[in-house]
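**Student:**
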Amino acid sequence: MFKIVYRYILRNKKYSISAIIGIVVSTMLMFSMIQISASYIISYRSFISSGAPQDFYVVDLSYDELTAINDKFSNMGKDKPDRYLSTIYVGDMDYDLSKASVIMGYEGDLDYFKKTSLISGEYPSAENEICVEESYTISNPELKIGDDLTLDFIMTDQTNEKQLKVSRTFNVCGIIKDTMDTGNFFFTDLKTAADIYSENGLPCSKSNSITVEAEEGNLNEDKQVIAVNAISDIVVDGTPEDRRYFNYEQLIRNEEKTANYDEEGSFRAVSLGIFLLSLIIAVCLTIFVYNTITLSFARKISVFGTMRCIGLNNRQLIRFILSEQFLIVSAGTIIGMASGALLNLAVAEKIMSALINTAASMKVEQKVSTYLITYLLTLVSAFIACLKLILKIRKTNPVNIRTFNATKKMLTEKTKMFSSKNYLFGLALRNLRRNFAKSAIQTVTLTVSFLLCLVISNVFAVIGFNSVKTAADFSDYSIQTNITDLKSENNCFTEADLEQLCSTDKVEKVYTEKCFVDYTWDKAKQQDEDDNLQVMLYDDELWMQFSKINGITYDGSKPFSVLISEKEFKEVEIYSRDTDNKFSVKPDHWFAAASQLNYALYHNSNTLIINEKLAESNNMENKGYCAFLVKTDRSMTELSAMTFSASDVYVTDLHDGRAESESQLIGMIIISGYIVIATIVLSFMIISNTIKENMTSRRSEYGVMRAMGLKLKDLWTVACYENLVLSLIAVLISIPLSLIVNVYISFVLFDKIKISILAYLLVNLIFIGAIELFAYFNIKGSTKDSIVEMIYER
163 MFKIVYRYIL
173 RNKKYSISAI
183 IGIVVSTMLM
193 FSMIQISASY
203 IISYRSFISS
213 GAPQDFYVVD
223 LSYDELTAIN
233 DKFSNMGKDK
243 PDRYLSTIYV
253 GDMDYDLSKA
263 SVIMGYEGDL
273 DYFKKTSLIS
283 GEYPSAENEI
293 CVEESYTISN
303 PELKIGDDLT
313 LDFIMTDQTN
323 EKQLKVSRTF
333 NVCGIIKDTM
343 DTGNFFFTDL
353 KTAADIYSEN
363 GLPCSKSNSI
373 TVEAEEGNLN
383 EDKQVIAVNA
393 ISDIVVDGTP
403 EDRRYFNYEQ
413 LIRNEEKTAN
423 YDEEGSFRAV
433 SLGIFLLSLI
443 IAVCLTIFVY
453 NTITLSFARK
463 ISVFGTMRCI
473 GLNNRQLIRF
483 ILSEQFLIVS
493 AGTIIGMASG
503 ALLNLAVAEK
513 IMSALINTAA
523 SMKVEQKVST
533 YLITYLLTLV
543 SAFIACLKLI
553 LKIRKTNPVN
563 IRTFNATKKM
573 LTEKTKMFSS
583 KNYLFGLALR
593 NLRRNFAKSA
603 IQTVTLTVSF
613 LLCLVISNVF
623 AVIGFNSVKT
633 AADFSDYSIQ
643 TNITDLKSEN
653 NCFTEADLEQ
663 LCSTDKVEKV
673 YTEKCFVDYT
683 WDKAKQQDED
693 DNLQVMLYDD
703 ELWMQFSKIN
713 GITYDGSKPF
723 SVLISEKEFK
733 EVEIYSRDTD
743 NKFSVKPDHW
753 FAAASQLNYA
763 LYHNSNTLII
773 NEKLAESNNM
783 ENKGYCAFLV
793 KTDRSMTELS
803 AMTFSASDVY
813 VTDLHDGRAE
823 SESQLIGMII
833 ISGYIVIATI
843 VLSFMIISNT
853 IKENMTSRRS
863 EYGVMRAMGL
873 KLKDLWTVAC
883 YENLVLSLIA
893 VLISIPLSLI
903 VNVYISFVLF
913 DKIKISILAY
923 LLVNLIFIGA
933 IELFAYFNIK
943 GSTKDSIVEM
953 IYER
């Protein structure tokens, strides 16, 4: 049978190739979009964890505490965190002034958290062993594994800020790939690092920490709590002061990861949205393949009748039909999937890498399940079309199949009424009722296509593709100090520093920030214990920039403030931890999230930004400035060479990474355009195929109408009326359905309902117009034959 089918396919190349091409194009687009969707789910999970996969880390730990925590974790069984890394910061080296060089002791998952791996040798397992980065061995080619390496480094006594120069000889045990962090890293074991501190009479660094990811690649809050409690049992002595210090100073949670997994922008929301999109695309593919196969059958049904007449029985004919469609669908699907995979490899990976430019691996995932699902979808839709034909063949004799007239219902109205426009519209409605099954199928097809395009177009219409406004739009560099140490006498900027900057050549503008580190809000009344309030003071010019970026009106003639917090408060009570100063503030504006211009090194989820007049009216005092935003033509090297009053000064180029952000924006626009265009093309193909199949199957009916006196142009008008009515019905059904989907998606992604009326109008107008054009040209092409040929469908 397969040999006969193969010869038949070769003899009917025109119909076979057209069917295969239709399946190839639809499968290619659907497979491409489903594969990208699946890859985004995986890449999004990797993206939100890349660079900072930890759930939390705890700082200011002693060697004994780190050792006790490691021992406890190793004996926790199923509650043991999947990944954790203990580190002791030893000191800095200055052999390469272009970047920092750090010696650290470690124990745990170094490869995972530092994104490195062992090139040769082994990791430190004994005292005084050390592994070095590959870049260090390149600049020191004579260094080999097993050699002794003497390193000179600087250690800091954090109790009095005194620095101590130390020299120590290590044995090189391994070479690792450069870590994802900037600078050179040298890793020894935890015990050696602790011995270096004790040998030099220094207390352990406050930077000593343990980094924890409770469940790898996921956010498991229950395991997080267990891990935090395990550490707390070892570190906290039980006093309220110690408990407070642990919660506020030592325990630092990865809020960005938590936010990505929570309601807005969460992994679940993104994956659900992508799943719904893939589901709609899969339905569209099924309908398109079904219409393609049905249209192919409509063209060849008389051939099947001839086969029956020359002796092929029903069972043999059914085997023939199924075998033919299996070969055609398999060939089209395999070529389509291969084309879609090549398209994604050539285009999608570059777009995804530009869209999400992180340490995460942005690759198109070649999953077997994606190929199987696509193949099974096309086979199922083809089988349904075959089943419909088989049931029809079984109910008719070979002669009827050979002639295959359409419905025998004849028109009884007088032909003189055919020229009436009202009658033509009524005739279109009667035709739709007579062919209810075909009308229903076409309506469902149009509805699904409309629904897909309305959802896609609305999502991309309400997403803003404008880059986020930041301080880089009006300044070039930030100069900041360590805000956690602002209470120190020499760790804040002074008026003299501001005057020095303003008088420096090529400095056009300086914006100032002050931070009140001892002020917070009344936690007992306002919020949970875990969040403090950061109070920032902007000068009037920086306030003007902030107001432009966030769309508010700033009034500098009176006390003014903006509160940024998850919950809205009409009034907040502010108090000082160091003094009895306490007062209430009624924020002029509240934002759940805003583009902040805080360039101090410490950030808080709750921020109160005030102006000078509000600070003066409440007798708020601070020691000086915490950050300057500078617009200048000077280089970063020149600014870094300047001397300031603060002991810790950090200069940051605000334009660093801006090119990557712009490339991400371009990538987002490109991939959005790709998805929209692919969706429109797929929808148009489905609609065109549905209309063509409907009209081809009714050629006999149209021939009878012409035989009874209906003019050719009037026949075209009737066909256009039919499709217009079905389009309007599909619009009425798809609009409320798409509104439900869009309301849900927009609320999940943006925490509010966003509907683009313009997108809805454009999609409906374009598609109704396209359907009428498809109907007109298809009916025109279907009525080129003579009336007799149309009636007998030859």
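Plus 162 on top of the position in the sequence shown (first one is 1) and you've got the numbering used here.
Think of the CB as a built atom: it goes at the ideal place given N, C-alpha and C, for glycine as much as any other residue.
None of these values were measured; they are calculated from a predicted model.
If you follow the beta strand (DSSP E) that L413 is in, where does it begin and where does it stop?
**Tutor:** Reading the sequence shown from its first residue, position 251 is the one you call residue 413. Its beta strand (DSSP E) spans residues 413 to 415.
**Student:** On a CA-only basis, which of E296, Y268, D947, L899 is nearest T609? Give me that one, please.
**Tutor:** For the purposes of this step, residue 609 is taken as the residue at position 447 of the sequence shown. For the residues E296, Y268, D947, L899, the minimum Cα distance to T609 belongs to L899.
**Student:** How about D222 and Q412: are their beta carbons less than 8 Å apart?
**Tutor:** Against the sequence shown, residue 222 aligns to sequence position 60. Against the sequence shown, residue 412 aligns to sequence position 250. Yes.
**Student:** Check the DSSP bridge columns for K676 and list the partner residues they point to.
**Tutor:** By 1-based counting over the sequence shown, the position of residue 676 is 514. DSSP lists L699, Y787 as partners of K676.
**Student:** Taking the CB atoms as reference points, tell me whether V487 and F218 lie closer together than 8 Å.
**Tutor:** For this step, residue 487 is matched to residue 325 along the sequence shown. For this step, residue 218 is matched to residue 56 along the sequence shown. Residue 487 is actually Gln in this sequence, not Val. Cβ distance not < 8 Å, so Q487 and F218 don't count as in contact.
**Student:** Compare the C-alpha of Y359 against each of N333, V606, V328 and name the closest.
**Tutor:** In the sequence shown, residue 359 corresponds to position 197, counting from 1. The option with the nearest alpha carbon to Y359 is V328.
**Student:** Report the rounded CA-to-CA distance for V186 versus T454, giving the unit in angstroms.
**Tutor:** Position 24 of the sequence shown, counted from the start, is the residue given in the question as residue 186. Position 292 of the sequence shown, counted from the start, is the residue given in the question as residue 454. Taking the straight line from one Cα to the other gives about 11 Å.
**Student:** Let's see if you can read the secondary structure: which residues bound the beta strand (DSSP E) around G253?
**Tutor:** The residue you call residue 253 lines up with position 91 of the sequence shown. From DSSP, the beta strand (DSSP E) with G253 extends over 245 to 255.
**Student:** Classify V398 as helix, strand or coil using the three-state DSSP reduction.
**Tutor:** The sequence position of residue 398 within the sequence shown is 236, counting from 1. DSSP places V398 in coil when its eight states are reduced to three.
**Student:** Just to confirm before moving on: does the CB-CB distance between M317 and G239 stay below 8 Å?
**Tutor:** Mapped onto the sequence shown, residue 317 falls at position 155. Mapped onto the sequence shown, residue 239 falls at position 77. No, the Cβ-Cβ distance between M317 and G239 is not below 8 Å.
**Student:** Near G943, which residues of its chain fall below 6 Å by C-beta distance, leaving aside the five closest residues on each side in sequence?
**Tutor:** As a working mapping, residue 943 is identified with position 781 in the sequence shown. Closer than 6 Å at Cβ, skipping near neighbours: no residue.
**Student:** Is DSSP giving R739 helix, strand or coil here?
**Tutor:** Working through the sequence shown from its first residue, we reach residue 739 at position 577. In the structure shown, R739 sits in coil (DSSP, three-state: anything other than H, G, I, E or B).
**Student:** To which residues of the same chain is I930 closer than 8 Å at the C-beta, ignoring the five residues directly before and after it?
**Tutor:** Locating residue 930 in the sequence shown gives position 768, counting from the first residue. Beyond the five residues adjoining it in sequence on each side, I930 comes within less than 8 Å, by CB distance, of L886, S889, L890, V893 in the same chain, given in chain order.
**Student:** Determine the direct distance from the alpha carbon of N416 to that of S665, and round the result to whole angstroms.
**Tutor:** The sequence position of residue 665 within the sequence shown is 503, counting from 1. The sequence position of residue 416 within the sequence shown is 254, counting from 1. Per the coordinates, the alpha-carbon of S665 lies some 41 Å from the alpha-carbon of N416.
**Student:** Run the CB neighbour count on L381, radius 10 Å, all protein chains shown included, and call it buried at 16 or more, exposed below.
**Tutor:** As a working mapping, residue 381 is identified with position 219 in the sequence shown. Burial call: buried.
**Student:** What are the boundary residues of the beta strand (DSSP E) that includes S723?
**Tutor:** For the purposes of this step, residue 723 is taken as the residue at position 561 of the sequence shown. Taken as a continuous stretch (DSSP letters only), the beta strand (DSSP E) holding S723 covers 723 to 726.
**Student:** Is the distance from the Cβ of L770 to the Cβ of L725 below 8 Å?
**Tutor:** If you number the sequence shown from 1, residue 770 lands on position 608. If you number the sequence shown from 1, residue 725 lands on position 563. Less than 8 Å separates the beta-carbon of L770 from that of L725.
**Student:** Looking at the structure shown, is Y285 part of a helix, part of a strand, or coil, going by DSSP?
**Tutor:** Residue numbering aside, residue 285 sits at position 123 when the sequence shown is read from its first letter. For Y285, the secondary structure class from DSSP, reduced to helix, strand or coil, is coil.
**Student:** Would S637 and V792 qualify as a contact pair, given that the criterion is a beta-carbon distance under 8 Å?
**Tutor:** Residue mapping note: residue 637 aligns to position 475 of the sequence shown, counting from 1. Residue mapping note: residue 792 aligns to position 630 of the sequence shown, counting from 1. Going by C-beta atoms, S637 is nearer than 8 Å to V792.
**Student:** Taking T805 as part of the beta strand (DSSP E), name the residues at either end of that continuous run.
**Tutor:** Position 643 of the sequence shown, counted from the start, is the residue given in the question as residue 805. Careful: T805 lies outside any beta strand (DSSP E) and carries neither H nor E.
**Student:** Please work out which residues of its chain come closer than 6 Å, Cβ to Cβ, to T420, disregarding the five sequence neighbours upstream and downstream, and give them in chain order.
**Tutor:** Within the sequence shown, the letter at position 258 stands for residue 420. For T420, where only same-chain residues beyond five positions count, there are no Cβ hits under 6 Å.
**Student:** Near L699, which residues of its chain fall below 6 Å by C-beta distance, leaving aside the five closest residues on each side in sequence?
**Tutor:** Here residue 699 is taken as the residue at index 537 of the sequence shown, counted from 1. Within the same chain, L699 has close Cβ partners K676, I772, A777.
**Student:** According to DSSP, is G270 part of a helix, a strand, or is it coil?
**Tutor:** As a first step, residue 270 must be located in the sequence shown, where it is residue number 108. Reduced to three states, the DSSP call for G270 is strand.
**Student:** Terminal residues of the continuous alpha helix (DSSP H) containing T609?
**Tutor:** Translated into positions along the sequence shown, residue 609 becomes position 447. Its alpha helix (DSSP H) spans residues 598 to 624.
**Student:** Suppose you measure from the CA of S779 to the CA of F722; what does that come to, to the nearest Å?
**Tutor:** As a position in the sequence shown, residue 779 is number 617, starting the count at 1. As a position in the sequence shown, residue 722 is number 560, starting the count at 1. S779 and F722: Cα-Cα distance of roughly 11 Å.
**Student:** Here's the rule I'm using: 16 or more other beta-carbon atoms within 10 Å means buried, otherwise exposed. How should T312 be labelled?
**Tutor:** Counted from its first residue, the sequence shown places residue 312 at position 150. Looking at its Cβ environment, which holds fewer than 16 other Cβ atoms inside 10 Å, T312 is exposed.
**Student:** Is F332 closer than 8 Å to N362 when the C-beta atoms are compared?
**Tutor:** Working through the sequence shown from its first residue, we reach residue 362 at position 200. Working through the sequence shown from its first residue, we reach residue 332 at position 170. Result no, Cβ atoms of N362 and F332 do not sit closer than 8 Å.
**Student:** Looking at C-beta atoms only, is the number of pairs between the stretch 584 to 595 and the stretch 865 to 884 that lie closer than 8 Å three or more?
**Tutor:** yes
**Student:** What's the call for C366, buried or exposed, on a 16-neighbour Cβ count within 10 Å?
**Tutor:** Locating residue 366 in the sequence shown gives position 204, counting from the first residue. So C366 counts as buried.
**Student:** Whose C-beta lies closer than 7 Å to the C-beta of T715 among residues of the same chain, with five residues either side of it excluded?
**Tutor:** If you number the sequence shown from 1, residue 715 lands on position 553. Once the five neighbours on either side are set aside, the close Cβ partners of T715 are S709.
**Student:** For G336, does the three-state DSSP call read helix, strand or coil?
**Tutor:** Mapped onto the sequence shown, residue 336 falls at position 174. Here G336 carries a strand assignment [DSSP, helix/strand/coil].
**Student:** What runs of the alpha helix (DSSP H), each 4 residues or longer, lie entirely inside the stretch 859 to 942?
**Tutor:** 861 to 869, 874 to 912
**Student:** Excluding the 5 residues flanking L259 on each side, which residues of the same chain have their C-beta closer than 7 Å to its C-beta?
**Tutor:** Indexing the sequence shown from 1 puts residue 259 at position 97. For L259, the pLDDT reaches just 40, beneath the cut-off of 50, and the residue's location in the model is therefore unreliable, leaving the point undetermined.
**Student:** Can you tell me whether DSSP reads T318 as helix, strand or coil?
**Tutor:** Counting from one through the sequence shown, the residue named residue 318 turns up at place 156. Assigned with DSSP and collapsed to three states, T318 falls in strand.
**Student:** At a cut of 8 Å, does the stretch 291 to 305 reach the stretch 392 to 403 through at least three beta carbon pairs?
**Tutor:** no
**Student:** Restricting to Cα atoms, I'd like to know which of S371, I250, F408, K324 is closest to A355.
**Tutor:** As a first step, residue 355 is located in the sequence shown; it is residue number 193 there, counting from the start. The candidate whose alpha carbon is nearest that of A355 is I250.
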